[in-house]
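Everything in the sequence shown is counted per the numbering used here, starting at 19 for the first residue and increasing by one.
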Amino acid sequence: MKKDKHINIFKKEDGAGLVLALMVLMVLAVLGVAVAGVTIGSHKLGDISRDSNSAYYIAEAGANLAYDEIESGVLGKYAESSSDSIFYSSIDALVSAFNNPETLYGAEVFSEQFGDQPQAKVNVISDNSAIDPLVGKEYKIISEGMISGKTRTVEKTFIVKWVSKGGGIGLPEPPEGAALVGGREIKGKTKDKIIEGNVYLSGGATTFLQNNDIKGTIYKNWSGMEQYMKLINYFPKLPSNYKTYPSTFSGNTISESSYIPTQTTTNLLTINTTYGEILNLVVDDLIVNGNIKIIGSGIVNLYVTTSMQFTKAATINDGSTPQEIERLNILYSGPNNITFDLKMVFNGSLFVENKNVKLTFNNHVTASGLFLFFGKEIDFGNMPNAITEASIYAPNAFVKFDPHGDVRGSIIADSIELTNQSKVTYKKNDFIETYLFGDGSGGPGGPGTGTGPGTGEEVIEGNLITAGPALEP
Numbered sequence: 019m020k021k022d023k024h025i026n027i028f029k030k031e032d033g034a035g036l037v038l039a040l041m042v043l044m045v046l047a048v049l050g051v052a053v054a055g056v057t058i059g060s061h062k063l064g065d066i067s068r069d070s071n072s073a074y075y076i077a078e079a080g081a082n083l084a085y086d087e088i089e090s091g092v093l094g095k096y097a098e099s100s101s102d103s104i105f106y107s108s109i110d111a112l113v114s115a116f117n118n119p120e121t122l123y124g125a126e127v128f129s130e131q132f133g134d135q136p137q138a139k140v141n142v143i144s145d146n147s148a149i150d151p152l153v154g155k156e157y158k159i160i161s162e163g164m165i166s167g168k169t170r171t172v173e174k175t176f177i178v179k180w181v182s183k184g185g186g187i188g189l190p191e192p193p194e195g196a197a198l199v200g201g202r203e204i205k206g207k208t209k210d211k212i213i214e215g216n217v218y219l220s221g222g223a224t225t226f227l228q229n230n231d232i233k234g235t236i237y238k239n240w241s242g243m244e245q246y247m248k249l250i251n252y253f254p255k256l257p258s259n260y261k262t263y264p265s266t267f268s269g270n271t272i273s274e275s276s277y278i279p280t281q282t283t284t285n286l287l288t289i290n291t292t293y294g295e296i297l298n299l300v301v302d303d304l305i306v307n308g309n310i311k312i313i314g315s316g317i318v319n320l321y322v323t324t325s326m327q328f329t330k331a332a333t334i335n336d337g338s339t340p341q342e343i344e345r346l347n348i349l350y351s352g353p354n355n356i357t358f359d360l361k362m363v364f365n366g367s368l369f370v371e372n373k374n375v376k377l378t379f380n381n382h383v384t385a386s387g388l389f390l391f392f393g394k395e396i397d398f399g400n401m402p403n404a405i406t407e408a409s410i411y412a413p414n415a416f417v418k419f420d421p422h423g424d425v426r427g428s429i430i431a432d433s434i435e436l437t438n439q440s441k442v443t444y445k446k447n448d449f450i451e452t453y454l455f456g457d458g459s460g461g462p463g464g465p466g467t468g469t470g471p472g473t474g475e476e477v478i479e480g481n482l483i484t485a486g487p488a489l490e491p
């Protein structure tokens, strides 16, 4: 009986629904708490991520604000500077203002964000080592963005470079179609002289040429010689830090700017400009008994301060295209005479500064390029079957042709003397427009003027300062 009673009790289901409801409510409560926890955590993570991203953009904005301020001041500092050292010192002073104390950009440039005030703390650093005049001086802006206790840092590198005043790319071209330009006189001693092109004579200059010597026009009282005389002012100074350059190189290849007191080349010397850079090579005494070859797409500026000797059929830059010829600039400031001799081949430019130097082309020399010569004399000696294809600016010099001299380009000189079987043929030279050490003019001249529109570079902020992006270190 009692057993049946217990069984009946267990079979009763009164209150089961309440228990089930309580269980469901408990499950929902647990889920609700979990969801709330996830939501709150996600919200907190969102705040953290938002603040971190905001700190980055604040840092980036700070770097760009500082750069804009520096950039806007560079052109003014350039205008006030008479030399590269003064310019770089003034830029150092300009950027030091960001460091003493550190510059803090705050409410004046950033609005509040969710009740917090963004700030960017900026300073500018530089490497105080020697400045490469071809590259400039590098600075780095370090900007720290701050908001709601979060910080991010970015760095922005910029380079400031001095641009030489009064100079530029390009030379004043010879007057229109000019084979010969004479400051004092142009004369011919014997027959068989051939001038294919126009002849220009400064006021008062005389000529003994006959009409049958010239396939062109003689222009008298021409007034443009002074512009060529002024080119001496653009002879470049030695790089200011050249004594810090390496003085040795590996094997027979030079791959970086170097200072070599005495360079003797007996075989092949290769100058590597693979990455298209400009290499400055400074040599006191240069002796070339072999060949010099330039590889790559860069430019070599070879400064020679005392003497140059070329012998044994040397080949100096075997490039034959206009682009290859323009890769070599020899800048000679020494007092000793120069002789291109023994079937030598020269492709490039030669700028001679010393007024007492004589340049001799002798014994089948072949040359192409550009000559700026401020010495006293150029002598084209025994040159049968050899051609000089160049523009020759020698406004203070006496240019003399011995038998068989053959020049294709233009000759500008104080006086010119032609002899047996001498030949000068006008040919346009595009190197004039791209030459690195000119006065920035490079325009074509017309009869009686010798001047023309400039093609030099205008100095703007973009020439003086360049920058990369702001990036996290």
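From the three backbone atoms N, C-alpha and C, an ideal C-beta is built for every residue, glycine too.
Quick check: the Cα distance between residue i and residue j, rounded to an integer number of angstroms?
{"i": "Lys-418", "j": "Asn-381", "result": "15 angstroms"}
{"i": "Phe-398", "j": "Glu-244", "result": "25 angstroms"}
{"i": "Asn-414", "j": "Gly-222", "result": "16 angstroms"}
{"i": "Asp-336", "j": "Ser-108", "result": "44 angstroms"}
{"i": "Thr-384", "j": "Thr-171", "result": "60 angstroms"}
{"i": "Tyr-75", "j": "Gly-163", "result": "7 angstroms"}
{"i": "Val-140", "j": "Pro-264", "result": "36 angstroms"}
{"i": "Glu-490", "j": "Asn-71", "result": "12 angstroms"}
{"i": "Lys-330", "j": "Asn-307", "result": "6 angstroms"}
{"i": "Ser-99", "j": "Phe-105", "result": "5 angstroms"}
{"i": "Phe-389", "j": "Glu-407", "result": "10 angstroms"}
{"i": "Val-195", "j": "Leu-360", "result": "Contrary to the premise, residue 195 reads as Gly rather than Val in this sequence. Rounded to whole angstroms, Gly-195 to Leu-360 spans 32 angstroms at the Cα level."}
{"i": "Asn-298", "j": "Leu-249", "result": "21 angstroms"}
{"i": "Ala-125", "j": "Gly-80", "result": "12 angstroms"}
{"i": "Glu-156", "j": "Thr-484", "result": "10 angstroms"}
{"i": "Val-113", "j": "Glu-130", "result": "28 angstroms"}
{"i": "Leu-313", "j": "Thr-235", "result": "Checking the sequence, you will find Ile at residue 313 rather than Leu. When rounded, the distance between both Cα atoms is 42 angstroms."}
{"i": "Asn-117", "j": "Ala-77", "result": "16 angstroms"}
{"i": "Pro-279", "j": "Ile-272", "result": "14 angstroms"}
{"i": "Glu-371", "j": "Thr-323", "result": "10 angstroms"}
{"i": "Tyr-252", "j": "Pro-421", "result": "34 angstroms"}
{"i": "Ile-177", "j": "Tyr-321", "result": "25 angstroms"}
{"i": "Leu-49", "j": "Gln-135", "result": "38 angstroms"}
{"i": "Asn-355", "j": "Ile-348", "result": "15 angstroms"}
{"i": "Gly-463", "j": "Phe-391", "result": "With a pLDDT of only 35 at Gly-463, under the threshold of 50, the placement of this residue in the model should not be trusted; the figure read from the coordinates follows. Their backbone Cα atoms lie some 20 angstroms apart in a straight line."}
{"i": "Thr-175", "j": "Asp-110", "result": "15 angstroms"}
{"i": "Leu-286", "j": "Phe-364", "result": "15 angstroms"}
Determine the extent of the alpha helix (DSSP H) in which residue i is found, giving its start and end residues.
{"i": "Asp-102", "result": "102 to 114"}
{"i": "Phe-369", "result": "That residue, Phe-369, is in no alpha helix (DSSP H); its beta strand (DSSP E) goes 363 to 370."}
{"i": "Ile-450", "result": "449 to 452"}
{"i": "Ile-343", "result": "340 to 343"}
Name the two residues that bound the continuous beta strand (DSSP E) containing residue i.
{"i": "Gln-439", "result": "Premise fails: Gln-439 is in no beta strand (DSSP E) and is neither H nor E."}
{"i": "Asn-355", "result": "Element bounds for Asn-355: n/a, residue is neither H nor E."}
{"i": "Ile-135", "result": "Rather than Ile, the amino acid found at residue 135 in this sequence is Gln. It is not in any beta strand (DSSP E) - Gln-135 carries neither H nor E in the DSSP assignment."}
{"i": "Leu-390", "result": "384 to 391"}
{"i": "Val-217", "result": "216 to 220"}
{"i": "Asp-397", "result": "395 to 398"}
{"i": "Ile-348", "result": "346 to 350"}
{"i": "Leu-377", "result": "376 to 379"}
{"i": "Leu-360", "result": "Leu-360 -> no beta strand (DSSP E), and no H or E assigned at all."}
{"i": "Leu-122", "result": "121 to 123"}
Sort out for me which residues DSSP pairs residue i with in a bridge.
{"i": "Val-178", "result": "Lys-155 and Ile-483"}
{"i": "Asp-303", "result": "Thr-280 and Ser-325"}
{"i": "Arg-202", "result": "The partner list for Arg-202 (beta bridge, DSSP) is empty, contrary to what the question assumes."}
{"i": "Lys-311", "result": "Thr-288"}
{"i": "Gly-427", "result": "Ala-408 and Tyr-444"}
{"i": "Phe-226", "result": "Paired residue(s): none; Phe-226 is not in a bridge."}
So is residue i buried or exposed if we call it buried at 16+ other beta carbons inside 10 Å?
{"i": "Gly-94", "result": "exposed"}
{"i": "Leu-43", "result": "exposed"}
{"i": "Lys-179", "result": "buried"}
{"i": "Tyr-85", "result": "buried"}
{"i": "Thr-291", "result": "buried"}
{"i": "Gly-269", "result": "exposed"}
{"i": "Gly-460", "result": "Note that Gly-460 scores a pLDDT of 49, beneath 50, so its modelled location is shaky; the value from the coordinates is reported in the next line. Gly-460 comes out buried."}
{"i": "Ala-488", "result": "buried"}
{"i": "Leu-482", "result": "buried"}
{"i": "Asp-424", "result": "buried"}
{"i": "Thr-284", "result": "exposed"}
### Task
Any chance you could list the beta strand (DSSP E) runs of at least 3 consecutive residues sitting entirely within the segment 234 to 301, in chain order?
Listed in chain order, they are 236 to 240, 276 to 283 and 286 to 291.
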